[in-house]
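Chains as they are written, first to last, in my numbering: chain C, 1 to 118; chain G, 1 to 118.
Number of protein chains: 2
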Amino acid sequence: MPKQTRLTLGEFLRKARNKAGLSLRDVEEETNVSNAYLSQLESEKIKQPSPVVLHKLSKLYGVAYAGIMELAGYPVPKPLAGNSMLHARVGRLTEDEEDAVVDFVELLRSRRRRQGRQ
Amino acid sequence: MPKQTRLTLGEFLRKARNKAGLSLRDVEEETNVSNAYLSQLESEKIKQPSPVVLHKLSKLYGVAYAGIMELAGYPVPKPLAGNSMLHARVGRLTEDEEDAVVDFVELLRSRRRRQGRQ
DNA sequence: AAAATCTGCTTGACATACTTAGCACATGCC
DNA sequence: GGCATGTGCTAAGTATGTCAAGCAGATTTT
């Protein structure tokens, strides 16, 4: 039975931001959300940030809006699409597996497009 | 055919409640949202109510959650399913990517099963 | 008719999302 | 070295979502 230790919203956002190579002030610049607030968000000091903020971050980080909404504890409309096919094929991923798959997919993509950045 | 005028969130909620034949206190009873707040909601005094509240109301009134979210001015999350966090982290997989990931996960698992180091 | 109850509503208080200003530490540049 | 700038963070303030209490008019009950 795969255990699912989910990342918290803050952890997730911090990782996504680092992965994008952006500083808190970079994000402030792009989204008009203050760096102070972003810091609190990433350190779990805010429980229910506005969907509007989450949406901006999801766009900037290139991450699924619905996923962040779910992490924030908000209800998300019915399932229908997503990577449901993958789920059907391999079942639920453990956290370690998920990490590995993320790295793998990123490798795949960076290999396909000749784009180097960090 | 019924004309579909664009309603505000408050108007919409009031109509839905009346259609359901419920008083503000009935709704409070069922949702644990105070009648005071519901009144303000329906009279446009609240601009961005929590998605959690909207979800409760949508269920009770039997209307679409996504629709209310939109009326509230929130971006509507497209549903996701299965390994939703993976989806949040890498976005949607192409068919080729999905095939590759399936192979990769199977490799991971078979390798771990026999405790093998590489 | 009075009393009790139901209805929506307003007010005041509180919690918390969010901002502005500033701090401390680090790194780069003259 | 010293200065500028980039980094995350905290403190204090503002705005607003949310609730508890209570009010006024309508309906019901006795």
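Think of the CB as a built atom: it goes at the ideal place given N, C-alpha and C, for glycine as much as any other residue.
Apart from sequence neighbours up to five positions away, the residues of its chain that approach G/VAL76 with a beta-carbon distance below 7 Å are ALA66, MET69 and GLU70, ordered along the chain. Rounded to whole angstroms, the Cβ separation of C/ALA64 and G/GLY91 is 6 Å, and the two are in contact under 8 Å.
Looking at the backbone, the Cα of C/ASP96 and that of G/VAL105 are separated by about 11 Å.
Below the 9 Å Cβ cutoff, chain G contributes SER50, PRO51, VAL52, HIS55 and PRO77 as neighbours of C/TYR74, in chain order. At a C-beta separation below 9 Å, G/TYR37 has no neighbours in chain C, since its nearest C-beta there lies roughly 16 Å away. Secondary structure at G/LEU93: coil, using DSSP grouped into helix, strand and coil. C/SER50 and C/LEU107 have their alpha carbons spaced roughly 33 Å apart. 9 Å or more divides the Cβ of G/GLN40 from the Cβ of G/GLY73.
DSSP places G/GLU28 inside the alpha helix (DSSP H), whose first and last residues are 24–31. For C/VAL33, there are no neighbours in chain G by C-beta distance under 9 Å, as the nearest C-beta there is about 15 Å away. Annotation for G/LEU24: ASN35, LEU38 and SER39 place their beta carbon closer than 7 Å to its own, counting only its chain and skipping 5 residues before and after.
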